[in-house]
Amino acid sequence: MADTTITKTEVRHIAHLARLKLSDEEVARFSAQLSDILGYMATLNEVDTTDVPPTAHTLPVRNVFRTDEVTAGLTLDAALANAPQREGSFFGVPKVLDQGSGA
Amino acid sequence: MTMPTLHEVRDAIRAKKTPSSQWVARTIRAIETLEPQVGALLQWDADRALQQARAVDERLARGQAVGELAGVPLLIKDNFCTTWGATTCASKILANFHAPYDAHVVEKLAAADAVIVGKTNLDEFAMGSSTENSAFHLTRNPWDLNRVPGGSSGGSAVGVACGMVPAALGSDTGGSIRQPASFCSVTGLKPTYGRVSRYGLIAYGSSLDQIGPLTRDARDAALLLKIIAGHDPRDSTCVDTPVPDYTAGLDAPIGTLKVGVAAEYFGQGLDGQVRSAVEEAIDVYRKAGATIVPIQLPHMRYAIASYYIIVTAEASSNLARFDGVHYGYRTARPADYIDVYCASRQEGFGPEVRRRIMLGTYALSSGYYDAYYLKALKVRTLIRGDFERAFEEVDVIACPVSPVPAIAIGERIDDPLAMYLLDVYTASANLTGVPAISVPCGLTAEGLPVGLQLMAPPFAEEKLLRAAHAYQQRTDWHTRRPAVAFDEAA
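Line order of the protein sequences matches chains X and P. Residues 94 to 196 (this note's numbering) make up the first sequence, in order. Residues 9 to 498 (this note's numbering) make up the second sequence, in order.
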């Protein structure tokens, strides 16, 4: 975390990972704001965390199982009720194949 | 007559002194009168509420059994899924989303025959400390209409503060129940992580989120917690341990209560009037016979940095589901498949949401994961260790809720970091999972409420509520009402 400046190039890369379409003005603004915020986060470097295990979860977590029996789920209509575009029993989306932009 | 407590309303309905339909009609009048000034709600359904109220009154008239909260009007935050109305999270991306299931707590309230009258305003996706990030409208503080009610459960806090309802539910991820409770002079409780099911609470930070009550006092908070707490197999992080009757034993004497006070909460940045009010509150405990014990929480100064890395990382993952494909807003003319995601999210999410998604994505990205996210999780372990050691010596920890009283509308909206720093005293309870409550403890010279925060060990809500109740038996801050409130002749 030596240099906490986020460049506009990095902002664009992160935006792409997050599937956000930022305007040029926003890229500039976020670059400044995120650099500012990350600068504050750099205080964590003061803490010696050698041999300290991470805590992702405050409760001890273990897999929760249930009996393998069929229970009611969402009906097709309920699942599609909020679809922006419904095509029969499917969610309608623009064509996926032959897309140049990929991942 | 101002709105009484949850217990008083509940008892009056049960005893058939004042029917539910009268209370609900009053709530609707209060909403219609006050909404133009405070804007606490995103939606309400008067007809549905009155219908439910009449049904409760009829069952009572016939001598039939009714639930524990029968006929009591309540409000809930609009990030709780309901099969009626919309569930918007105060976001354009969910403006017309109709949830296909009710949240667990909504089912619990329905089983108790409570009447949920409407859904309250919040910061978009619970991301904020002022409710200014709502995509729809501002909510104003009834103590000073030019000030924020706090956030993200600002609408719920206002609904109780100005007497629309005796109680409401909110959610707390970094302080979002406690801080608006302190800004609006109501009691707000964040239960232990895992005490209340998060099923149907639209996730923000899954290891931090918890649903809790906003009420007039600790006794009401205890009742509402009793109703909503408990195991739910649909939330795998929800504990399967018995729910005590939190209302029993509240009046137990203070005995040898040990109250921990950490200097870390009283350092630079704490407003002088907040400091005085909280110190006076601690003095109430001292005079009541409690022992005040100095404790140390050396890693507290890293809580905000640790919290904001963890919560934004979790949020970036949780909000990935809003992609314009299955539900919610989709952009009108996507250029291609990827554009469905990018444009829908850009147009549907507000700036603060997008900022936090960016921060979280960065913290988790290749090359930065260890330096940010993993580091923050390790610091979280150290903060947790501080609290565990402290609770070996004390029963509860007392401190301020917020470093300042309610800020002015617009004051910090252009300075995200300054806004994040409002959570400096509240985020630790979410990082560690401990239960925490905010109770009114004073008013500044400008007439703005100040809150006292108490924290207890995990699953020690009984001890926490008893301590809060003991304070409220000796003081009357929690009975004060703002100038903007619904008050009609009985």
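Where a beta carbon is used, it is the ideal one built from N, C-alpha and C, also for glycine.
Please report how far the alpha carbon of residue i lies from the alpha carbon of residue j, in whole angstroms.
| i | j | result |
| --- | --- | --- |
| Val333(P) | Gln60(P) | 36 Å |
| Cys449(P) | Leu460(P) | 6 Å |
| Ala313(P) | Gly132(X) | 10 Å |
| Val301(P) | Gln276(P) | 21 Å |
| Arg186(P) | Asn129(P) | 16 Å |
| Arg482(P) | Pro261(P) | 12 Å |
| Gly195(X) | Cys350(P) | Bear in mind that a pLDDT of 49 at Gly195(X), under 50, signals an unreliable position, so the number given afterwards is only what the model happens to contain. Between Gly195(X) and Cys350(P), the C-alpha separation is close to 13 Å. |
| Asn138(X) | Leu382(P) | 12 Å |
| Ala111(P) | Lys114(X) | 32 Å |
| Ser161(P) | Ala98(P) | 11 Å |
| Gly213(P) | Thr181(P) | 7 Å |
| Phe330(P) | Ser215(P) | 20 Å |
| Leu190(X) | Ala343(P) | 14 Å |
| Ala107(P) | Leu167(X) | 11 Å |
| Met94(X) | Thr100(X) | Bear in mind that the predicted position of Met94(X) carries a pLDDT of just 45, short of 50, making it unreliable; the figure below should be weighed with that in mind. If I take the Cα positions, the gap works out to 14 Å. |
| Leu209(P) | Ala328(P) | 16 Å |
| Asp403(P) | Arg474(P) | 11 Å |
| Leu390(P) | Val145(X) | 8 Å |
| Val64(P) | Ala119(P) | 12 Å |
| Ser184(P) | Pro221(P) | 11 Å |
| Asp121(P) | Leu197(P) | 22 Å |
| Leu117(P) | Arg227(P) | 17 Å |
| Leu265(P) | Ser324(P) | 42 Å |
| Leu68(P) | Glu454(P) | 46 Å |
| Thr95(P) | Thr139(P) | 16 Å |
| Arg388(P) | Thr136(X) | 14 Å |
| Leu127(X) | Gly185(X) | 36 Å |
| Pro490(P) | Pro150(P) | 6 Å |
| Arg242(P) | Gly297(P) | 44 Å |
Does residue i come out as helix, strand or coil in the three-state DSSP assignment?
| i | result |
| --- | --- |
| Val348(P) | helix |
| Met463(P) | strand |
| Ile210(P) | coil |
| Pro250(P) | coil |
| Cys192(P) | helix |
| Gln51(P) | strand |
| Glu66(P) | helix |
| Leu190(X) | coil |
| Ile185(P) | coil |
| Pro448(P) | strand |
| Pro44(P) | helix |
| Thr13(P) | coil |
| Lys24(P) | coil |
| Gly339(P) | The residue you asked about is not Gly; residue 339(P) is Thr in the sequence shown. In the structure shown, Thr339(P) sits in coil (DSSP, three-state: anything other than H, G, I, E or B). |
| Lys262(P) | Correcting the residue type first, residue 262(P) is Ile in the shown sequence and not Lys. Coil at Ile262(P), not helix or strand. |
| Glu180(X) | strand |
Determine the chain P residues that contact residue i at a beta-carbon separation under 8 Å, and present them in chain order.
| i | result |
| --- | --- |
| Val157(X) | Pro241 and Ser244 |
| Thr164(X) | The contacting residues do not exist; Thr164(X) stays about 10 Å from chain P at best. |
| Lys101(X) | Those do not exist, as Lys101(X) stays about 13 Å from chain P at its closest Cβ, beyond 8 Å. |
| Ala176(X) | His334 and Tyr335 |
Give the residues of chain P in contact with residue i, contact being defined as C-beta atoms less than 7 Å apart.
| i | result |
| --- | --- |
| Asn125(X) | The question names Asn, but residue 125(X) in the sequence shown is Ala. Near Ala125(X) there are no residues of chain P at all, since even the closest Cβ is about 11 Å away, more than 7 Å. |
| Ala149(X) | Ser215 and Leu385 |
| Phe183(X) | What Phe183(X) touches in chain P: nothing, since even the nearest Cβ is about 11 Å away. |
| Asp129(X) | Leu425 |
| Thr136(X) | Tyr310 and Ala313 |
| Leu169(X) | None at all; the shortest Cβ gap to chain P is about 11 Å. |
So, using beta-carbon positions, are residue i and residue j closer together than 8 Å?
| i | j | result |
| --- | --- | --- |
| Ser193(P) | Pro457(P) | yes |
| Val204(P) | Val319(P) | no |
| Leu385(P) | Ala149(X) | yes |
| Pro413(P) | Val267(P) | no |
| Ile317(P) | Tyr377(P) | no |
| Tyr428(P) | Tyr293(P) | no |
| Ser553(P) | Lys85(P) | Not covered by the structure: residue 553(P). The range shown for chain P is 9 to 498. |
| Val173(P) | Thr35(P) | yes |
| Gly441(P) | Leu173(X) | no |
| Arg155(P) | Ile415(P) | yes |
Since residue i meets chain X, which of its residues come closer than 8 Å, beta carbon to beta carbon?
| i | result |
| --- | --- |
| His307(P) | Val140 |
| Tyr212(P) | Result: empty, since nearest Cβ-Cβ is about 16 Å, beyond 8 Å. |
| Val247(P) | Leu152 |
| Arg392(P) | Thr148 and Thr151 |
The ligand NAP and residue i: does the residue's C-beta get closer than 7 Å to at least one heavy atom of that ligand?
| i | result |
| --- | --- |
| Arg489(P) | Ligands in the displayed structure: none, and consequently the ligand NAP is not present. |
Anything in chain X within Cβ reach of residue i, meaning under 7 Å, just list it in chain order.
| i | result |
| --- | --- |
| Ser373(P) | Ile107 and Leu110 |
### Task
Mind listing, in chain order, the continuous beta strand (DSSP E) runs of no fewer than 3 residues lying wholly within the region 352–429 of chain P?
Listed in chain order, the complete beta strand (DSSP E) runs (minimum 3 residues) inside the region 352–429 of chain P are 404–408.
### Query
Mind pulling the beta strand (DSSP E) runs of 3 or more residues that sit fully within the region 104–182 of chain P?
Fully enclosed beta strand (DSSP E) runs of 3 or longer: 123–128 and 175–180.
### Message
Which runs of the alpha helix (DSSP H) at least 4 residues long sit entirely within the region 103–156 of chain X? Give them in chain order.
### Response
Segments of the alpha helix (DSSP H) lying fully in the region 103–156 of chain X: 117–134.
### Query
What are the start and end residues of each continuous alpha helix (DSSP H) run of 4 or more residues lying completely inside the region 268–334 of chain P, in chain order?
The qualifying runs are 280–295 and 311–326.
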